[in-house]
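If you read the sequences in order, they're chains C and B.
Quick note on numbering: the first sequence equals residues 274 to 566 in this note's numbering.
Quick note on numbering: the second sequence equals residues 70 to 740 in this note's numbering.
Here's the structure we're looking at; comments come further down.
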Amino acid sequence: MPATDRAQDRAMSRPRLGVVKFASCDGCQLTLLDLEDELLPITDRVEIVEFAEATSARSSGPYDLLLVEGSISTPEQAHEIVELRRQTAKLVTIGACATAGGIQALRNVADHDAWRAAIYPEPAWIESLATATPIADHVTVDAELRGCPIAPGQLKEFLVASLVGRRPQLPDEAVCMECKRAGRVCVVVASGEACLGPVTRTGCGALCPAYARGCYACFGPRESANVAGLRQGFVAASLLTEAEVDERFAGFTAMAPAFAPSASAAALSYREGAVVRPSTDKAARPEVDDARR
Amino acid sequence: MTTARPTALPASLSPASHPDPDSLEPAFLERADLAALVVALRDDGRAVIGPTVRDGAVILDEITSVDELPVGVRETQAPGHYRLGDGRPDRIFDFTVGPMSPKGWTFPARVPIGTARRTPDGATFSAATPDARPLAFLGVRACELAALDVQDRVLLRGPVADHDYDARRRSALIVSVECTTAATTCFCTSMGTGPEVRDGADLVLTETTAGFVVRTGSERGRDLLARLPVRPATDLERDEAAGGVAEARAAVSANAGVATTGLPGRLGAALDHPRWAEVAERCLTCGNCTLVCPTCFCTSVEQVSDLEGTETTTNRAWASCFSAEFAAVAGGTFRSRPQDRYRQWLTHKFSTWVDQFGTSGCVGCGRCVTWCPVGIDVREELAAIAPPPRQALPVLPIAPSPVPDDAWLRAARVLDSRRETDDVVTMTVAWNDAPRPRPGQFVMIGLPGYPAAPISVSRVHDAAIELTIRAAGPATTALTRLGPGEEVGRRGPLGRGWPVERMVGRDIVIVAGGIGLAPLRPLIDSIAADRLQFGAVRIFLGARTPRDRLFTAELAAWTEAGLLVDETVDRAGADWLGRVGVVTHLFDHSERIPEGTIAAVCGPERMMEATADVLRSRGLTDDRILVTLERHMDCGVGLCGHCQLGRFFVCRDGPVFSLAELGDAFGREGR
Chain C
274 MPATDRAQDR AMSRPRLGVV KFASCDGCQL TLLDLEDELL PITDRVEIVE
324 FAEATSARSS GPYDLLLVEG SISTPEQAHE IVELRRQTAK LVTIGACATA
374 GGIQALRNVA DHDAWRAAIY PEPAWIESLA TATPIADHVT VDAELRGCPI
424 APGQLKEFLV ASLVGRRPQL PDEAVCMECK RAGRVCVVVA SGEACLGPVT
474 RTGCGALCPA YARGCYACFG PRESANVAGL RQGFVAASLL TEAEVDERFA
524 GFTAMAPAFA PSASAAALSY REGAVVRPST DKAARPEVDD ARR
Chain B
70 MTTARPTALP ASLSPASHPD PDSLEPAFLE RADLAALVVA LRDDGRAVIG
120 PTVRDGAVIL DEITSVDELP VGVRETQAPG HYRLGDGRPD RIFDFTVGPM
170 SPKGWTFPAR VPIGTARRTP DGATFSAATP DARPLAFLGV RACELAALDV
220 QDRVLLRGPV ADHDYDARRR SALIVSVECT TAATTCFCTS MGTGPEVRDG
270 ADLVLTETTA GFVVRTGSER GRDLLARLPV RPATDLERDE AAGGVAEARA
320 AVSANAGVAT TGLPGRLGAA LDHPRWAEVA ERCLTCGNCT LVCPTCFCTS
370 VEQVSDLEGT ETTTNRAWAS CFSAEFAAVA GGTFRSRPQD RYRQWLTHKF
420 STWVDQFGTS GCVGCGRCVT WCPVGIDVRE ELAAIAPPPR QALPVLPIAP
470 SPVPDDAWLR AARVLDSRRE TDDVVTMTVA WNDAPRPRPG QFVMIGLPGY
520 PAAPISVSRV HDAAIELTIR AAGPATTALT RLGPGEEVGR RGPLGRGWPV
570 ERMVGRDIVI VAGGIGLAPL RPLIDSIAAD RLQFGAVRIF LGARTPRDRL
620 FTAELAAWTE AGLLVDETVD RAGADWLGRV GVVTHLFDHS ERIPEGTIAA
670 VCGPERMMEA TADVLRSRGL TDDRILVTLE RHMDCGVGLC GHCQLGRFFV
720 CRDGPVFSLA ELGDAFGREG R
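What follows is the structure, given as structure tokens:
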């Protein structure tokens, strides 16, 4: 088929794009709006049928492409994602919550009931799961865009590649690669910053090291993430103690499998240290709770 | 991205001529007059790249004035550690090397190499034009000059030269500085690259208390010197300069070094050393060592498409053998384990680099030691893995390969496309104004928006070639969907094919697994066309299932031509009456293989290993067993580095090899 016919075909049948969210802050969805100049040409190519952040139009599917933000945190969400998967040709998770569980997944190693009782006046009214889990724990995921939030460049590349039909270029290599291509000075070596870039997947453009900060792994682990080697290196160079290294992993991608052992160790020692161990004693709760009741 | 080999090297690469006894040299430039040098370089329209302090390090950047150079700065370097501190007051060049090197400008981290556009009636491909702004480097150290020479050997002096590097390198004027201080990570004296500057610079400065002793290394340098406010150096000044460099030499010599004598052979013999697994526990495979290295030249291509998918720019970007994707092909990566990657890097740098380019890939600058975030020191690893000298192994010559005539992709029309199996298509592409591919050669084929893929030529016609393509990923899937009249980008033919002339008069065994039959088909065609020139010819074909068999309509013709064809499938249904089992089982049904037989084998690597074992057990020697290898290929001409295997680039030196050539690179996990 000549290229012109193909182009017309594409124009006539714009793929149906949906954007939905579960437990998350909406920041990744906003990245789509942040594409600004490119957003309108994108809407020429795809039909946005569901996007709460941008339009009140609602669709019940089906979706050719569904961008899913957030982790699964309630029984209702666990049901809903299965239903959405059924209506979707290509399901793409966006952001640290959807791909790794997000910061809220730290509760996976906490005492869920105790926290719930400490925070909510009527814990029985709160229907939440003991865990916050990535979408891929519940349904098959076709692709994932990492980050907290996702990178606009990667979102655009993903959409363009999907429209062209080629494999999106979402390299699975260390943050260091893009950091060095950009001509940045290594903050570990030159400033003694504990940067998690060597074990973290690239895609952000090495944003934090550009501002003389260490990477905090919001894109989650890269392939072959050598967490033990990084810990040993930081301890040997007296940058951090072992426990401090573990704490660095207890962040936005804490429960990503490669980081979970470290992050869990940090979270557990936090509990055991009883620093802010939640109390189930109602009298110990702050005034404001009683006032809200 | 490539051009023919340059006929003359840049002036700065020519050996320094003897100084004219009447000249000023060596000259002396007062420190306050260094500004005149920067002004002169900028007056010539050059971007001056020099040292400056930023982000806690002495980095390189474009400088517009002498005021941007560091003053009284010296650094401390150790494995995984770099800190700025105070140097001798007023000294400009009192530090050694920082994280950056001239590579960042001669071989930038990311450059466009070409653009592909879809047009109403096909596609157009246009190569990028290199950035033509002339450069001047200020403060290049001896080890960095050596690194430029190493990259010249790789990118200019091979069978194919890199167009972009050529343009940038030729433009660059080099003002070198001899080191008068040393870091603990320096080992230039081990590698024979410094601290004294011998050649490769246009102007050489050596800093002293009051200024710089200056000598020239080229005509360009002499012209420049004539424009500077210099006077002849006094004996005292010359002695002070020489003394400073001698102090640096003594300091570097006291550092840990590398025992280079016989190192390539020792490393080559240590491929199974337990230390590889041990260092992999410490190594983060982050790639920092390769990107700070001034000689590492590996790159990957990236596609940047517009939203309509009508225009795609292809960029070349620094890549690293420490990423799994670097050695990936459809179906997996050849170096899945971190220990495979560390071994690849270290053995290439210190061993197989010598086989490929006649020089070590290491210049002893120590960047990989300092800038490793966990402080892995190559000097320690080499001492553990390849301890002191034994006898060096002989260096084998590299096989010549034809030079492609084109700089990048050119458009070619698809004439026909026919389906062979569920996922394999044979496409006929017009082949005009290009050399006729020899059996076993391949071509790079690309579509706008997709990376180009290496595809074996499966038949050669007078003005067309056939390509048999398996839909292994999106790019190859898109190729299998093309119809007559559409256009592809093509480049080639590339690589070294089957040595047909060596097979004349001999008995031949051809063994194919799956799509591996594609590159063997032109060999079969050649034999069938000139049947009487060859002895007995047996063809053993293996496929996964009867539905995966290729070229089934031709098998009868091959038999009629006097070739013995025997087939087997791994799995079969009730409608298959032929043999079932892996392809090596066909040898069990075959008579003795006559002495002198040559075998040509292509298929999955494990299948080729099993076949090689059977052939050896039947008495074939390794020089008579030929295989064709698959590796990740981005450039196809030995410049991007992905397909490096031991002393070979599979694209340029292969893909056809004898097992004798490959040695223990064949069938070893992680190569």
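Glycine included, each C-beta is placed from N, C-alpha and C at the ideal position.
Counting only Cβ-Cβ distances below 9 Å, B:Arg-202 has no contacts in chain C at all, with the closest Cβ about 17 Å away.
Apart from the 5 residues on each side of it in sequence, B:Arg-307 sits with its Cβ closer than 8 Å to the Cβ of Pro-95 and Val-282 in its chain, given in chain order.
Taking a C-beta distance under 9 Å as the contact criterion, C:Ala-416 and C:Val-365 qualify as a contact pair. Spanning the alpha carbons of C:Cys-301 and B:His-417 requires a straight line of approximately 42 Å. A direct Cα-Cα distance of roughly 15 Å separates C:Arg-495 from C:Gln-442.
Interface criterion met: the Cβ of B:Trp-440 is under 9 Å from a Cβ in chain C. Taking 8 Å as the cut-off between beta carbons, the residues of the stretch 170 to 189 of chain B near chain C are Gly-173, Ala-178, Arg-179, Arg-187, Thr-188 and Pro-189, in sequence order. Closer than 8 Å at the C-beta level to chain C, one finds these residues of the stretch 128 to 141 of chain B: Ile-128. With a threshold of 9 Å between beta carbons, C:Cys-449 makes contact with chain B. The DSSP-derived three-state label of B:Gly-611 is strand.
At a cut-off of 9 Å between beta carbons, B:Thr-381 contacts chain C.
What B:Leu-478 touches in chain C, judged by beta-carbon distance under 7 Å, is nothing: the nearest beta carbon there is about 16 Å away.
The beta carbon of B:Ser-659 sits closer than 6 Å to none of the beta carbons in its chain outside the five residues before and after it. At least one CB of chain C lies nearer than 9 Å to the CB of B:Tyr-151. Rounded to whole angstroms, B:Ala-544 and B:Gly-518 show a C-alpha spacing of 9 Å. Our two residues, B:Arg-482 and B:Pro-553, have alpha carbons roughly 8 Å apart in a direct line. For B:Cys-671, the uninterrupted beta strand (DSSP E) run begins and ends at 667 to 671, by DSSP. Taking all protein chains in view, the Cβ of B:Trp-567 is crowded by 16 or more other Cβ atoms within 10 Å, so the residue is classified as buried. Here the stretch 432 to 441 of chain B lies against the stretch 359 to 375 of chain B, with 3 or more beta-carbon pairs under 8 Å apart.
Classified as exposed, C:Trp-398 has fewer than 16 neighbouring CB atoms from the shown chains inside 10 Å of its CB.
DSSP, read as helix, strand or coil, puts B:Ala-126 in strand. When the Cα atoms are used, C:Arg-457 and C:Ala-483 turn out to be separated by approximately 7 Å. For the stretch 374 to 405 of chain C, the beta-carbon criterion of a distance under 9 Å to any beta-carbon of chain B is satisfied by none of its residues.
Close to C:Glu-309, with beta-carbon spacing below 9 Å, lies no residue of chain B; the smallest spacing is near 13 Å. The Cβ of C:Pro-314 sits closer than 9 Å to at least one Cβ of chain B. Taking all protein chains in view, the Cβ of B:Asp-163 is crowded by 16 or more other Cβ atoms within 10 Å, so the residue is classified as buried. In the same chain as C:Val-448, and ignoring 5 residues on each side of it, the C-beta atoms closer than 6 Å to its own belong to Gly-470, Thr-473, Thr-475, Ala-479 and Cys-488, in chain order. Under the three-state reduction of DSSP output, B:Glu-535 falls in the strand class. For the stretch 340 to 368 of chain C, no residue has a beta-carbon sitting nearer than 8 Å to a beta-carbon of chain B. Apart from sequence neighbours up to five positions away, the residues of its chain that approach C:Leu-312 with a beta-carbon distance below 8 Å are Leu-305 and Leu-306, ordered along the chain. The secondary-structure analysis by DSSP pairs B:Ile-243 across a beta bridge with B:Phe-206. For B:Phe-620, there is no enclosing alpha helix (DSSP H), as DSSP marks it with neither H nor E. Of all residues in the stretch 519 to 547 of chain B, the ones placed with a Cβ closer than 9 Å to any Cβ belonging to chain C are Tyr-519, Pro-520, Gly-542, Pro-543, Ala-544, Thr-546 and Ala-547, in chain order.
B:Phe-726 sits close to B:Thr-697, with the two beta carbons spaced by under 9 Å. A Cβ-Cβ distance of about 6 Å is found for the pair B:Gly-286 and B:Val-273, placing them in contact under the 8 Å criterion. Rounded to whole angstroms, the gap between the alpha carbons of C:Arg-289 and C:Val-322 is 6 Å.
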